[in-house]
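Per the working numbering: the sequence shown = residues 1352 to 1857.
Beta carbons: idealized from backbone N, C-alpha and C, even for Gly.
Working notes for the structure below.
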Amino acid sequence: MNKVAGIKPIVEMRNIVKTFSGVKALSNITFDVLPGEIHCLVGENGAGKSTLMKVLSGAYSPDSGEIIFEGIAYKNLTPELSQRLGINIIYQENLLAPTMNVVENVFIGSEIKKNKIFNDFDAMKKAVVTEMNNLGININIEKPIEKLSVADQQFVKILKAIIKRPKVLIMDEPTSMFNVEDAKKVLRLVKRISDMGIGIIYISHFLSEVVEIADRITVIRDGAVVNSYDNSKRDTKLSVITKDMVGRPVDVFYNKQQNEIGDPLLVVENLKLKQASEPLSFEVRKGEILGIAGMVGSGRTEIVRAISGADKFYSGNIYINNEKVNISNPCDAIDVGIAHITEDRQKLGLYLNGSISENIVIIGLGRKLKNFFVRPKKFPELVNPILKGLNIKAASHNMEVRYLSGGNQQKVVLGKWLFQGADLFIFDEPTRGIDVNSKNEFYNIMSSLTKQGKGIIMVSSDMPELVSMSDRVMVIRKGSIAGIIQKEEISENNIIKKALEVDDNE
Ligand SMILES: Nc1ncnc2c1ncn2[C@@H]1O[C@H](COP(=O)(O)OP(=O)(O)OP(=O)(O)O)[C@@H](O)[C@H]1O
Ligand SMILES: [Mg+2]
1352 MNKVAGIKPI
1362 VEMRNIVKTF
1372 SGVKALSNIT
1382 FDVLPGEIHC
1392 LVGENGAGKS
1402 TLMKVLSGAY
1412 SPDSGEIIFE
1422 GIAYKNLTPE
1432 LSQRLGINII
1442 YQENLLAPTM
1452 NVVENVFIGS
1462 EIKKNKIFND
1472 FDAMKKAVVT
1482 EMNNLGININ
1492 IEKPIEKLSV
1502 ADQQFVKILK
1512 AIIKRPKVLI
1522 MDEPTSMFNV
1532 EDAKKVLRLV
1542 KRISDMGIGI
1552 IYISHFLSEV
1562 VEIADRITVI
1572 RDGAVVNSYD
1582 NSKRDTKLSV
1592 ITKDMVGRPV
1602 DVFYNKQQNE
1612 IGDPLLVVEN
1622 LKLKQASEPL
1632 SFEVRKGEIL
1642 GIAGMVGSGR
1652 TEIVRAISGA
1662 DKFYSGNIYI
1672 NNEKVNISNP
1682 CDAIDVGIAH
1692 ITEDRQKLGL
1702 YLNGSISENI
1712 VIIGLGRKLK
1722 NFFVRPKKFP
1732 ELVNPILKGL
1742 NIKAASHNME
1752 VRYLSGGNQQ
1762 KVVLGKWLFQ
1772 GADLFIFDEP
1782 TRGIDVNSKN
1792 EFYNIMSSLT
1802 KQGKGIIMVS
1812 SDMPELVSMS
1822 DRVMVIRKGS
1832 IAGIIQKEEI
1842 SENNIIKKAL
1852 EVDDNE
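Given below as structure tokens:
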């Protein structure tokens, strides 16, 4: 049954237009959300999803159009008005206070007062605990935010929004930094929140997740609505959505061409992260993609962080091209030809006030222009092929990175490392937040790197990606190697079995 038939929208955006320095980000969009409905908004990187939501949250003023909230029309909203009406947004970026604890973060700016003067910590604590029970969340509320996992930080953002009992909750890629299990928790939570009668606008690049939870799916392309689907039966076809997003059919499954695998490029011998850790030994050959899989906290990221000098390790030897190398910091790794593209891109990867070109050339410039002075005029020539290859959507390469859409910012981080060049690329969750089409473009780039004899380590929780791109998959369980799966044996099932230690004979 269509649970939304006959109900009036809480809020309706009509004919919204928004331009940034002459470039149309939104052209004539009409979009609404009903009480208790999960309305998913999908589209390629830079399509205008976040911009549309910023118009609704009052962060941006539209050039034209109107917003009708419970029957009353507004030309534009301010953040204060939007909140007062009951619209709450959880942004793509993390906006929590890192040193404050969970309770303080939830109530920042809207503290419960005792005698109208003093903050009533007990009351606030009680309210948070009640809400957590209500939503089925379990977090240590005394901990400062910076000590929590990315997933728990996301739950704090949701708590903070829900405790105000909004009428509309906007979630912009809430699971983009999550592993599979945590993402499932968020989905359950979203369902629970919609059952409270709150209208949810949900943005995600995980299209199967979208089909799983959406009551309605709206696809936008280049700032305009392409189609809207009733998904009350959870049966909208992925191929239909991706075709709308991109404007032509796209393969959801990538077929990688097999190429020649050569001599060992990286050899890791008895690597111990800590004194008590299991020693780890493995290798990556030239032209090979080694996938690294494992459950949350299995230690995948820690292993690659040790190899790239991001964290110190206790003992062990690392060889590159048969030569023993000493890596004790990220610069050492870069010097021996290792590029590490980290999981947490926004925090670690970009200089937000710099232009796209500046960000891309920042590390590699010294090498490329060895005997020249730095000549910014040369940037376009150097950067353009990368912008094109990665499908980065921007008005120009001089655009400041902070104005790019979330997915396009991630592509700049990837571009930066591709430009710098390396022998071994370590990608940690490389395609999070990147749309289907650009994902395939990125897989093409990975393939061409391996054709040039580069080696790749790819830490990923994206099963289709692991299965289609890896030559071998190393499965990590509790900090040790649970097994290495050879090409012919790689399947989602085999990876999960190894990761969970399920025996074939059981
Ligand atoms: N403040 C701004 N100044 C200039 N251009 C902007 C600004 N904000 C957004 N844009 C541009 O508007 C377009 C839409 O961006 P938006 O962030 O809405 O995309 P998105 O659909 O959320 O993409 P993603 O999936 O990558 O998050 C992009 O081309 C972006 O560069
Ligand atoms: Mg966005």
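By Cβ distance, which residues of its chain are closer than 7 Å to residue i, with the 5 residues on each side in sequence left out?
i: P1525; result: I1441, Q1505, V1537
i: I1841; result: V1818, S1821, V1824
i: G1784; result: E1524, S1527, H1556, G1757, G1758, Q1761
i: N1704; result: E1751, R1753
i: K1378; result: Inspection of the sequence shows that residue 1378 is occupied by Ser rather than by Lys. Excluding sequence neighbours, S1378 sits near V1368, G1574, A1575.
i: P1430; result: S1408, G1409, A1410
Please name the residue, chosen from the options, that lies closest to residue i on a Cα-to-Cα basis.
i: N1677; options: F1776, L1631, V1618; result: V1618
i: G1387; options: V1507, V1480, G1437, V1519; result: V1519
i: K1511; options: F1529, T1481, A1534; result: T1481
i: D1383; options: I1358, V1374, F1371, K1369; result: I1358
i: G1638; options: L1741, K1663, I1612; result: I1612
i: F1529; options: S1545, I1551, S1555; result: S1555
i: N1833; options: E1363, E1560, S1632; result: Per the sequence shown, residue 1833 should be read as Ala rather than Asn. Ranking E1363, E1560, S1632 by Cα distance to A1833 puts S1632 first.
i: Y1860; options: E1816, V1362, S1378; result: The first residue shown for the chain is 1352 and the last is 1857, placing residue 1860 beyond what the model contains.
i: Y1553; options: V1734, I1509, K1588, K1584; result: I1509
i: I1669; options: E1629, S1799, P1615, Q1608; result: P1615
i: G1409; options: A1424, G1422, V1362, L1428; result: L1428
i: G1437; options: I1847, F1664, I1361, K1477; result: I1361
i: Q1608; options: N1795, A1850, V1734, D1566; result: N1795
i: T1693; options: K1675, F1776, F1664; result: F1776
Alpha carbon to alpha carbon, what distance is there between residue j and residue i?
i: S1527; j: M1825; result: 23 Å
i: M1809; j: F1778; result: 5 Å
i: I1389; j: D1586; result: 15 Å
i: L1540; j: V1562; result: 16 Å
i: N1466; j: I1459; result: 18 Å
i: G1688; j: N1456; result: 42 Å
i: P1681; j: L1446; result: 27 Å
i: G1700; j: D1774; result: 20 Å
i: V1374; j: L1385; result: 31 Å
i: E1732; j: K1739; result: 12 Å
i: I1658; j: I1807; result: 13 Å
i: A1602; j: I1836; result: Checking the displayed sequence, the identity of residue 1602 turns out to be Asp instead of Ala. Using only the alpha carbons, I get a separation of about 25 Å.
i: G1574; j: A1376; result: 5 Å
i: I1549; j: N1582; result: 18 Å
i: D1855; j: I1643; result: Reliability of the predicted coordinates at D1855 is poor, the pLDDT of 48 falling under 50, and no value is obtained from them.
i: K1498; j: N1672; result: 38 Å
i: F1371; j: E1493; result: 42 Å
i: I1367; j: I1423; result: 16 Å
i: I1425; j: L1407; result: Here residue 1425 is Tyr; the residue named in the question, Ile, does not match the sequence. Computed Cα separation, rounded: 11 Å.
i: W1768; j: K1477; result: 47 Å
i: V1479; j: I1488; result: 10 Å
i: L1755; j: P1630; result: 42 Å
Excluding the 5 residues flanking residue i on each side, which residues of the same chain have their C-beta closer than 8 Å to its C-beta?
i: S1706; result: H1748, N1749, M1750, E1751, V1752
i: E1571; result: The sequence shown places Ile at residue 1571, rather than the Glu named in the question. Here the set comprises I1380, L1392, V1393, G1394, A1398, G1399, K1400, L1403, V1577.
i: R1365; result: T1381, G1416, E1417, I1418, I1419
i: A1474; result: I1463, K1465
i: P1600; result: S1590, T1593, K1594
i: E1653; result: L1624, D1662, G1830
i: K1675; result: N1668, I1669
i: T1450; result: P1495, I1496, E1497
Does DSSP put residue i in a helix, a strand or coil?
i: K1465; result: strand
i: D1383; result: strand
i: D1822; result: coil
i: R1828; result: strand
i: M1797; result: helix
i: T1569; result: strand
i: D1533; result: helix
i: S1659; result: coil
i: K1623; result: strand
i: S1590; result: helix
i: Y1754; result: helix
Report the CB separation of residue i from residue j in whole angstroms; it is logged as a contact under 8 Å.
i: K1625; j: G1667; result: Not really, about 11 Å apart at Cβ, beyond 8 Å.
i: T1801; j: I1640; result: 6 Å
i: I1490; j: V1507; result: 7 Å
i: M1814; j: E1843; result: 5 Å
i: V1655; j: H1691; result: 7 Å
i: E1792; j: L1741; result: 6 Å
i: I1713; j: Y1702; result: 7 Å
i: K1542; j: I1564; result: 6 Å
Please return the same chain residues whose Cβ sits closer than 6 Å to the Cβ of residue i, not counting the five positions on each side in sequence.
i: I1743; result: N1759, K1762
i: D1683; result: G1660
i: K1405; result: Y1411
i: V1597; result: N1788
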